[in-house]
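Chemist: Would you mind keeping the following structure in view while I ask a few things?
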Amino acid sequence: MKLVETKCAACKSSIFVYEDFLREDMYCTLHCMESANSGNVMVKESAALISANMA
Ligand SMILES: [Zn+2]
215 MKLVETKCAA CKSSIFVYED FLREDMYCTL HCMESANSGN VMVKESAALI
265 SANMA
């Protein structure tokens, strides 16, 4: 899979995600995700992906 660059939807920091998992709204940290949304299934998927990238 190929990594692509996108921007955090909250703070606009550059983040890298696999293109197959790219969403409209991506977040660099859980804090950014929580500050922008709450209880959204798509956001939870994005958070799991970001955690995997940081591991
Ligand atoms: Zn952010």
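This note's numbering puts the first residue of the sequence shown at 215, with every later residue one more than the last.
Glycine included, every Cβ here is placed at the ideal spot set by N, Cα and C.
Is the beta carbon of S271 within less than 7 Å of some heavy atom of ligand 1?
Modeler: Residue 271 is absent from the model: the chain starts at 215 and stops at 269.
Chemist: Where does M247 land, buried or exposed, given buried means 16+ other C-beta within 10 angstroms?
Modeler: Within the sequence shown, residue 247 is the residue found at index 33, counting from 1. Counting Cβ neighbours within 10 Å, M247 comes out buried, since at least 16 surround it.
Chemist: Ligand 3 heavy atoms versus the CB of T243: any closer than 7 Å?
Modeler: No copy of ligand 3 appears in this structure; the ligands present are ligand 1.
Chemist: Between which residues of its own chain and S227 is the CB-CB distance below 6 Å, once the five residues before and five after are set aside?
Modeler: Numbered from its first residue, the sequence shown carries residue 227 at position 13. Once the five neighbours on either side are set aside, the close Cβ partners of S227 are C242.
Chemist: Within the present structure, is the beta-carbon of A266 separated from the nearest heavy atom of ligand 1 by less than 7 Å?
Modeler: Residue numbering aside, residue 266 sits at position 52 when the sequence shown is read from its first letter. No, the beta carbon of A266 sits no closer than 7 Å to any heavy atom of ligand 1.
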